[in-house]
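Report on one structure; see the data block that follows.
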Amino acid sequence: MNTNKFLLPFVIYHLISTVGLTIHPIDNLRKGFNDQISTDDSDIETASLDFGGMIKTKPLAVSHPTSADDIVSLVKAAYNSPQGFMVSARGHGHSINGQAQIANGVVIEMSGGSKGNKLRKEKQNLVLPQISSMHGNSSYVDVWGGELWIDVLDWTLQYGLAPKSWTDYLYLSVGGTLSNAGISGQAFNYGPQISNVHELDVVTGKGELITCSKEKNSELFHGVLGGLGQFGIITRARIALEQAPNKVKWIRVLYNNFSTFTKDQEYLISLHGKPISERFDYVEGFVIVDELGLVNNWRSSFFSPKNPVKISSLNTTGGVLYCLEITKNYDDSTANTIDQEVEALLKKLDFIPSSVFTTDLPYVDFLDRVHKAELKLRSKGLWDVPHPWLNLFVPKSRIADFDNVVFKGILGNKTSGPILIYPINKNKWDSQNSVVTPDEDVFYLVALLRSALDSGEETQTLQYLRNQNRQILKFCDESGINVKQYLPNYNSQKEWKGHFGDKWELFLKRKMQFDPKHILATGQHIFEPSFKSFRSSW
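So the sequence shown is numbered by the UniProt record's numbering: it starts at 1 and just counts up by one.
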């Protein structure tokens, strides 16, 4: 037996541990993982960027896994390495504040890129979508954590099925939205996407691949859902499905009174337990603070520039309009009754009578509506710009105060992107999951989805918009409005403790159980890396 084969690694390890010989773990990874680990400039550049466009952090390397086992091996290498390195999972790169970026470590490209897609096609080791049925005839699909929701939709529609709960934008990864919550206008009825998952496969910060659900390894299951990537990397998700409709009747109506607008929204989400014929399938809304807002942003292509609605003609309070956006799904069997069902529901609302806008379109086209707007913005060079988005959960009891000061005050009469607002039923959320929401039965999502543009107008600059965000948060803090950030962004553990509130101790306990060396998702700035050599750059 050649003892030198076994002696050499021992000698190298002894030198590193005793005299500090610096052999970087990434150098060893290149050898051990062959073509899965890349330091190509193009891969590094892609992994250093995100949709927010405000932070750029270059990793040491990028991983293109071909299976969950590849991720297990990588995380184990990080966990067992004396010198250590960090690991961060990246989906479609739609983070806002560099949450998936990492300076001293490896970014795992869960959703591919050209190299990752090529490797996956060659090895075919990832989770292939599979549709099955559970007891009670409920269906589900198993998908890879890096799969985009648009691809999940395309696959399931082949069987006449679709996920129950969505986000407004479908070019996001399954693991990415489940690590936050995943919300859209269906959440009032079905809850967020994290309430529609039966089972997960997760690679923990120790490099363990664990299958978990509400019944099995439930602490990990609930921790990962809404856990901001702190406890593990989702490699497989079992998503609840329903029968997919063929078409959607898409309706928008306008209000010039905020209390009437919110009263109607809250009434509509209270119908979540009613038969399908007696409720809408989707309830959202948005705020219009300028006349161009009706026709000049990516949420408002529904309105025609040839026949714009003038804010000045609608007797608004503070120059602000509110748009209720609702849909009703249907197919051939219900096409004859859909108009009567919609009319019966609309009769109970108090919108401006002359402001009803209706269109019918295929179900897929409605779900994929934001992507079509994205393509238009890309063609004008207006997509790859900074996005200082601010998403807040606002308690129902304080939403009128928020309107008076923010919508009618801080924002002024110009905006550079949609401002969404719609209520959500808290009883559709599982309190055992990591995500935090206001402690009221109903709370509102307020999403300022604005873009910083180089238009020459001060109100559209990145600095101006970020200052407005700070003003809004300061107002909420000083006024005692207990908002919770959705897609949260903080830079100190003190702020994170305030964010999680009563859930902090549980969050900390889960971190120590599943990622005790603080290897995962350090771009969230929740926990300081445990490796001393990396603390100064955190």
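We put the CB at the ideal spot given by N, CA and C, even for glycine.
These numbers come from a predicted model, not from an experiment.
Inset, instruction - Please report how far the alpha carbon of THR522 lies from the alpha carbon of ILE239, in whole angstroms. - result: 27 angstroms
Legend entry - C-alpha distance - TRP389 paired with HIS94, whole-angstrom precision: 11 angstroms
Inset, instruction - Run the CB neighbour count on ASP264, radius 10 Å, all protein chains shown included, and call it buried at 16 or more, exposed below. - result: buried
Inset, instruction - Could you please give the first and the last residue of the uninterrupted alpha helix (DSSP H) stretch that includes ALA47? - result: 41-47
Legend entry - alpha helix (DSSP H) runs wholly inside the segment 252-279, at least 4 long, in chain order: 258-269
Legend entry - Minimum C-alpha distance to ARG466 - residue among ASN489, LYS484, ILE481 and GLU478: ASN489
Inset, instruction - Assign PRO275 to one of two classes, buried (16 or more other C-beta atoms within 10 Å of its C-beta) or exposed (fewer than that). - result: exposed
Legend entry - Bridge partners - TYR79, DSSP secondary structure assignment: Note: TYR79 sits in no beta bridge, so no partner.
Legend entry - At least three beta-carbon pairs within less than 8 angstroms, the segment 447-467 to the segment 237-257: no
Inset, instruction - Kindly provide the ranges of any alpha helix (DSSP H) runs that are 4 or more residues long and lie completely inside the segment 131-197, ordered along the chain. - result: 149-157, 174-178 and 187-190
Inset, instruction - Would you list, in sequence order, the uninterrupted alpha helix (DSSP H) runs of no fewer than 4 residues that lie entirely inside the segment 458-498? - result: 462-478
Legend entry - Three-state secondary structure (DSSP) of PHE443: strand
Legend entry - Close-in-space but distant-in-sequence residues of the same chain around THR177 (CB under 6 angstroms, 5 per side omitted): THR167 and GLN193
Legend entry - Residue interval of the beta strand (DSSP E) (run including ILE399): First-last for ILE399: 399-402, but that is the alpha helix (DSSP H), not the beta strand (DSSP E).
Inset, instruction - For PRO438, count neighbouring C-beta atoms within 10 Å of its own C-beta (all shown protein chains included) and say buried if the count is 16 or more, exposed if not. - result: buried
Inset, instruction - Locate the beta strand (DSSP E) running through LEU390, then write down its first and last residues. - result: 390-395
Legend entry - Top-ranked residue by Cα proximity to ASP290, from ASN104, LEU321, LEU271 and LEU268: LEU321
Legend entry - Same chain, Cβ closer than 6 angstroms to ASP331, neighbours up to 5 away in sequence not counted: PRO245 and ASN246
Inset, instruction - Starting from the N-terminal side, write out each stretch of the beta strand (DSSP E) that is 3 residues or longer and does not extend beyond the segment 47-107. - result: 61-63 and 86-90
Legend entry - Residue range of the unbroken beta strand (DSSP E) whose run includes GLY523: Neither: GLY523 is in no beta strand (DSSP E) and is coded neither H nor E.
Legend entry - ASP35 in three-state terms, based on DSSP: helix
Inset, instruction - Go through its chain and collect everything with a Cβ distance to ALA162's Cβ below 7 angstroms, but skip five positions before and after it. - result: LEU153, THR156, LEU241, GLU242 and ALA244
Legend entry - Cβ distance (whole Å) where HIS64 is taken to contact GLN36 below 8 angstroms: 5 angstroms
Inset, instruction - Compute the Euclidean distance between the alpha carbons of GLU284 and SER354, then round it to the nearest angstrom. - result: 20 angstroms
Inset, instruction - Can you have a look at LEU119 and say buried or exposed, based on whether 16 or more other CB atoms are within 10 angstroms of its CB? - result: Because the pLDDT at LEU119 is just 40, under 50, the model does not fix this residue reliably, and the point stays unresolved.
Inset, instruction - Evaluate contact between the segment 419-437 and the segment 452-461, counting only Cβ atoms and requiring at least three cross-stretch pairs below 8 angstroms. - result: no
Legend entry - Burial state of TYR444 (16 or more Cβ within 10 Å): buried
Legend entry - Cβ-Cβ distance between VAL436 and HIS499 below 8 angstroms: yes
Legend entry - Any non-hydrogen atom of the ligand NAP within 7 angstroms of LEU172 CB: In terms of ligand content, the structure shown is empty, and the ligand NAP therefore cannot be addressed.
Inset, instruction - Leaving aside the five residues before and after ILE96 along the sequence, list all residues of the same chain whose C-beta is less than 8 angstroms from its C-beta, in chain order. - result: ASP50, PHE51, GLY52, MET54, HIS387, PRO388, TRP389, LEU487 and ASN489
Inset, instruction - Could you give the DSSP three-state label for GLU109: helix, strand or coil? - result: strand
Inset, instruction - Please report the Cβ distance between ARG510 and GLY223, rounded to the nearest whole angstrom; I am assuming they are in contact, meaning their Cβ atoms lie under 8 angstroms. - result: 4 angstroms
Legend entry - Under 8 angstroms between C-beta atoms of THR204 and PHE280: no
Legend entry - For GLY112 and ILE233, the rounded distance between their alpha carbons: 15 angstroms
Inset, instruction - Would you kindly work out how many angstroms separate the C-alpha atoms of LYS164 and GLN83, rounded to a whole number? - result: 45 angstroms
Inset, instruction - Answer yes or no: do ALA47 and GLU109 have a C-beta to C-beta separation smaller than 8 angstroms? - result: yes
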